[in-house]
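Participant:
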Amino acid sequence: MVRVAVNGYGTIGRRVAEAVRLQKDMQLVGVTKTTPDYKAQLAVEKGIRLYAVDAAGAEKFSKAGIEVSGLLEDLIEQADVVVDCTPGDVGRTYLRQYMGRKAIFQGGEEPDVAETSFVAQCNFREAVGKERVRVVSCNTTSICRVIHALDEYFGVRKARVVIARRAADPEEVGRGLIDSVVLDPVEVPSHHALDVKTVLPHVDIVTMAMKIPTTHMHVHSLMVSLKTPVSTAKVLEALESTPRILLPRKSEGFKSTSNIVEYARELGRRRADIYESVIWRDSVKADGDEVYLFMAVHQEAIVVPENIDAIRAVTGICSAEESMRETDRSLGIMKGV
Ligand code: NAD
């Protein structure tokens with residue numbers, strides 16, 4: 042059993058912790074929590090051991106009557122792997138404390154926090170045995186899955202992606218946009234292109250990004266030039282045989298991100314999470330060597346399977362295929378490996 046600690050029990054940390062508990066080869070030794078709120082209480086009720094980040098934090102928990110099992114340093118001591126799910130740029134401040142343990146970081150950290158940036162189906166093998174691995178951001182994860190698949194099947198000459206990002210996660214009431222579209226950044230390219238290159242360095246890619254007033258998903262418009270002319274049917278065939286990509290049909294009622302969220306709710310998915318990249322099948326169009334498509338990305342969930350695979354990669358306990366298959370099975374990913 043790989044003993045896993047999660048530092049930072051927020052949007053990503055809660056999901057990663059729960060996913061770890063679903064794995065037969067992993068044990069969640071505990072999570073850190075900064076605030077003694079209802080989420081801390083619920084974690085205790087679920088049997089998750091809570092740790093405070095420092096003595097002041099422990100004092101807050103004690104006053105609120107919530108038991109903690111110790112401090113972050115005690116938690117790290119018990120772990121083989123620490124998954125850092127703290128806010129962007131905070132993870133880096135823990136580098137020294139994580140030394141001697143394998144550490145997984147998230148996309149809010151700069152790439153140099155780790156030895157390898159990671160998307161399971163693109164570069165699992167590069168992460169095998171590494172001390173520090175960074176799971177890239179939600180947008181980058183999804184772009185990498187698709188570009189990598191097209192590159193494997195047809196060769197990608199260049200990719201251009203326009204990213205409409207959700208303004209905030211549903212819980213972030215202080216962060217949302219109400220009646221505006223904000224170019225983020227105004228300049229071209231956005232940082233996402235550079236981030237894709239941390240996983241797929243050879244890909245010629247430009248990204249442009251804006252924030253839109255929704256909370257539940259990002260939407261990407263992809264325009265990809267291939268090395269060879271293809272038919273729409275061939276592109277669909279390639280995407281269909283790629284894991285972690287769903288291709289819902291317009292005729293089934295999929296015309297918006299709301300339909301996708303509702304679908305996940307109807308499926309009874311935990312937290313209505315969508316781990317797959319969702320490509321509107323009817324948007325896929327090949328014209329000579331150009332391919333176009335629209336894709337939706339559930340920002341809160343898509344990196345969860347990647348974190349689980351990253352844990353298996355750094356510990357070297359199984360192959361990429363075995364890891365992805367087990368992750369997909371445990372999370373109920375609909376088109377897995
Ligand atoms: P979040 O704010 O929801 O959660 C972060 C958690 O860390 C909070 O519970 C916070 O209390 C805790 N925390 C704050 N300071 C801490 C400290 N010093 N030590 C320990 N814990 C601390 O953030 P998130 O959205 O879960 O993001 C975490 C990471 O995942 C970031 O790098 C982010 O860029 C990345 N990410 C986020 C999303 C998303 O859509 N939310 C998607 C992909 C990747």
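Positions in the sequence shown are counted from 1; adding 41 to them yields my numbering.
Quick reminder that beta carbons are idealized off the backbone N, C-alpha and C, glycines included.
Nothing here was measured: the structure is a model prediction, and the numbers come from that model.
Helix, strand or coil for Asp-115, going by three-state DSSP, please let me know.
Facilitator: The residue you call residue 115 lines up with position 74 of the sequence shown. Of the three classes helix, strand and coil, the one that applies to Asp-115 here is helix, per DSSP.
Participant: What whole-angstrom Cβ distance do Lys-143 and Glu-156 have, given they're in contact under 8 Å?
Facilitator: The residue labelled residue 143 in the question sits at position 102 within the sequence shown. The residue labelled residue 156 in the question sits at position 115 within the sequence shown. Between Glu-156 and Lys-143 the Cβ distance is about 11 Å, and since that is not below 8 Å, they are no contact.
Participant: Pick out whichever of Ser-318, Pro-242, Phe-165 has its Cα sitting closest to the Cα of Ser-357.
Facilitator: Along the sequence shown, read from residue 1 onward, the residue named residue 357 stands at position 316. The question names Ser, but residue 357 in the sequence shown is Gly. If we check each option's Cα against that of Gly-357, Phe-165 comes out closest.
Participant: Please work out which residues of its chain come closer than 6 Å, Cβ to Cβ, to Val-203, disregarding the five sequence neighbours upstream and downstream, and give them in chain order.
Facilitator: For this step, residue 203 is matched to residue 162 along the sequence shown. If we look at Val-203 and ignore the five residues flanking it on each side, its Cβ neighbours are Met-249, Ser-262.
Participant: Can you give me the C-alpha to C-alpha distance between Ala-342 and Gly-373, rounded to a whole angstrom?
Facilitator: For the purposes of this step, residue 342 is taken as residue 301 along the sequence shown, with counting starting at 1. For the purposes of this step, residue 373 is taken as residue 332 along the sequence shown, with counting starting at 1. Straight-line Cα distance between these residues: approximately 13 Å.
Participant: With three or more beta-carbon pairs closer than 8 Å as the criterion, would you say the segment 128–141 touches the segment 312–332?
Facilitator: Output reads no: the segment 312–332 does not touch the segment 128–141.
Participant: Pull up the distance between the alpha-carbon of Leu-224 and that of Arg-206, whole angstroms please.
Facilitator: If you number the sequence shown from 1, residue 224 lands on position 183. If you number the sequence shown from 1, residue 206 lands on position 165. Taking the straight line from one Cα to the other gives about 10 Å.
Participant: Thinking just about the alpha-carbon of each residue, which of Met-42, Tyr-316, Glu-114 is nearest to the one in Arg-186?
Facilitator: Residue numbering aside, residue 186 sits at position 145 when the sequence shown is read from its first letter. Among Met-42, Tyr-316, Glu-114, the Cα nearest to that of Arg-186 belongs to Tyr-316.
Participant: Between Val-85 and the ligand NAD, is there a pair consisting of the residue's CB and a ligand heavy atom that are separated by less than 8 Å?
Facilitator: Your numbering for residue 85 matches position 44 in the sequence shown. Flag unset: Cβ of Val-85 not near the ligand NAD.
Participant: Is Ile-352 closer than 9 Å to Val-94 when the C-beta atoms are compared?
Facilitator: On the sequence shown, position 53 is the one that residue 94 refers to. On the sequence shown, position 311 is the one that residue 352 refers to. In this structure, Ile-352 does not lie closer than 9 Å to Val-94 by Cβ.
Participant: Any chance the CB of Tyr-333 is under 8 Å from a heavy atom of the ligand NAD?
Facilitator: Here residue 333 corresponds to residue number 292 of the sequence shown, with the count starting at 1. No, the beta carbon of Tyr-333 sits no closer than 8 Å to any heavy atom of the ligand NAD.
Participant: Going along the chain, which unbroken runs of the alpha helix (DSSP H) with 4 or more residues stay wholly within the segment 119–206?
Facilitator: Qualifying alpha helix (DSSP H) stretches, in chain order: 136–139, 161–168, 179–195.
Participant: Exposed or buried, Arg-322, counting other C-beta atoms within 10 Å across all chains shown (16 or more means buried)?
Facilitator: By 1-based counting over the sequence shown, the position of residue 322 is 281. By the neighbour-count rule (16 or more Cβ atoms within 10 Å), Arg-322 is buried.
Participant: Our contact map puts Leu-69 next to Val-45 with C-beta atoms below 8 Å; I'd like the distance itself, whole angstroms only.
Facilitator: For the purposes of this step, residue 69 is taken as the residue at position 28 of the sequence shown. For the purposes of this step, residue 45 is taken as the residue at position 4 of the sequence shown. Contact holds; Cβ gap of about 6 Å.
Participant: Roughly how many angstroms lie between the CA atoms of Asp-153 and Val-222, to the nearest whole one?
Facilitator: Sequence index remark: in the sequence shown, residue 153 carries index 112 (1-based). Sequence index remark: in the sequence shown, residue 222 carries index 181 (1-based). Cα to Cα, the separation comes out at about 31 Å.
Participant: Which first and last residues belong to the alpha helix (DSSP H) in which Ile-358 is found?
Facilitator: Stepping through the sequence shown from its first residue, residue 358 is reached at position 317. Ile-358 -> no alpha helix (DSSP H), and no H or E assigned at all.
Participant: What span of residues does the alpha helix (DSSP H) with Thr-239 cover, start to end?
Facilitator: Position 198 of the sequence shown, counting from 1, holds the residue named residue 239. Its alpha helix (DSSP H) spans residues 232–240.
Participant: Should Gly-111 be counted as a contact of the ligand NAD given a C-beta to heavy atom distance under 8 Å?
Facilitator: Indexing the sequence shown from 1 puts residue 111 at position 70. No, the Cβ of Gly-111 stays beyond 8 Å of every heavy atom of the ligand NAD.
Participant: So which of Val-271, Ala-190, Val-240, Leu-235 has the shortest CA-CA distance to Ser-318?
Facilitator: For this step, residue 318 is matched to residue 277 along the sequence shown. It is Ala-190 whose Cα lies nearest to the Cα of Ser-318.
Participant: Tell me where the alpha helix (DSSP H) around Arg-98 begins and ends.
Facilitator: Here residue 98 is taken as the residue at index 57 of the sequence shown, counted from 1. Correcting the residue type first, residue 98 is Gly in the shown sequence and not Arg. Its alpha helix (DSSP H) spans residues 96–104.
Participant: Between Ser-324 and Ala-337, what straight-line distance do the alpha-carbon atoms span, to the nearest angstrom?
Facilitator: Locating residue 324 in the sequence shown gives position 283, where the first residue counts as 1. Locating residue 337 in the sequence shown gives position 296, where the first residue counts as 1. One C-alpha to the other measures close to 12 Å.
Participant: What residue from Ser-178, Tyr-79, Phe-195, Asp-121 has the CA that sits closest to Phe-267's CA?
Facilitator: As a first step, residue 267 must be located in the sequence shown, where it is residue number 226. According to the sequence shown, residue 267 is Leu rather than Phe. Closest by alpha carbon: Phe-195.
Participant: Which of the three DSSP states is assigned to Gly-71 in this structure?
Facilitator: Within the sequence shown, the letter at position 30 stands for residue 71. Reduced to three states, the DSSP call for Gly-71 is strand.
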